[in-house]
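Residue numbers (our numbering): 5 to 255.
Note that beta-carbon positions come from the ideal geometry of N, C-alpha and C, so glycine has one too.
Just so you know, these numbers come straight off a predicted model, no measurement behind them.
Working notes for the structure below.
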């Protein structure tokens, strides 16, 4: 079989990673027009261990076919807890890095994502777009712990983004990003996702943001563009991968 087109010709895959069924449901109901290659929506299950297993498995099983030397682009998404006073359910968080006690992963193309999401927010139900560090936690964060995390400089927290990006970068050189929708905030804490007004607002916003992901993905395919320096572990040579199109997997 003849080799596939180079990544800048529109064949590089995009892996969109979320944890919950309700998040995947929102994403699958979004607009999939304008993609720059095969798109996989992967539901990992809740928590960092589930995310690490699912992402590592998905990238390992994708094989060496046609993904381009930089590998698949990976975006972690879904809901998060906002840490900064004044945040509201439905606000968007674009990570410039993800971090926890084990280290940090820099994100690529933060400005591209933030600009694209800001344009979408003006046209739809979105609220403010916040850019900054996204913290990881192994449990739901509330009250004083939320304030302590905010004091470190983090603007939001969730349980899966940190390990999702860390696992993606460990598997090879690739663009990585994290975009989260605030489902609760210091003044708007929720009891259960999806049952209160804040959860409904976040769900509606999550349905609208796929076009921004595809804008970011297309930018990642441009040589010399903002995403040309992809995140990678030290001294890692990278490898080609190709994801199974349109697959949904759970842990």
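Its Cα nearest to that of residue 159, the residue 135 stands out among 135, 185, 23.
By the beta-carbon neighbour count (other beta carbons within 10 angstroms, threshold 16), residue 65 is exposed.
Nearest to residue 178 by alpha-carbon distance, out of 221, 138, 150, is 221. The residue from 53, 33, 25 with its alpha-carbon nearest to that of residue 214 is 33.
As far as DSSP is concerned, residue 145 takes part in no beta bridge.
Across the set 86, 180, 209, 189, the C-alpha of 180 shows the shortest separation from the C-alpha of residue 18.
In the structure shown, the three-state DSSP call for residue 89 is coil. Comparing alpha carbon positions, the residue from 36, 83, 151 closest to residue 204 is 83. Approximately 6 Å separates the beta-carbon atoms of residue 81 and residue 184; this is inside 8 Å, confirming the contact. For residue 83, the pairing in a beta bridge is given by DSSP as 185. The beta-bridge partner set that DSSP reports for residue 22 consists of 47. Assignment of residue 150 by DSSP, reduced to helix, strand and coil, places it in the helix class. Closest in C-alpha terms to residue 85, from the list 60, 98, 105, 173, comes 98. Here residue 48 really is in contact with residue 23; their C-beta atoms are around 5 Å apart, less than 8 Å. For residue 215, the enclosing alpha helix (DSSP H) stretches over residues 214-224. Residue pairing by DSSP puts residue 104 in a beta bridge opposite 107. The Cβ atoms of residue 140 and residue 171 do not sit closer than 8 Å to each other. Counting only residues of its own chain and dropping the five nearest sequence neighbours on each side, residue 124 has a CB closer than 8 Å to the CB of 130, 212, 213, 215, 216. In this model, residue 57 and residue 169 are separated by some 12 Å (Cα to Cα).
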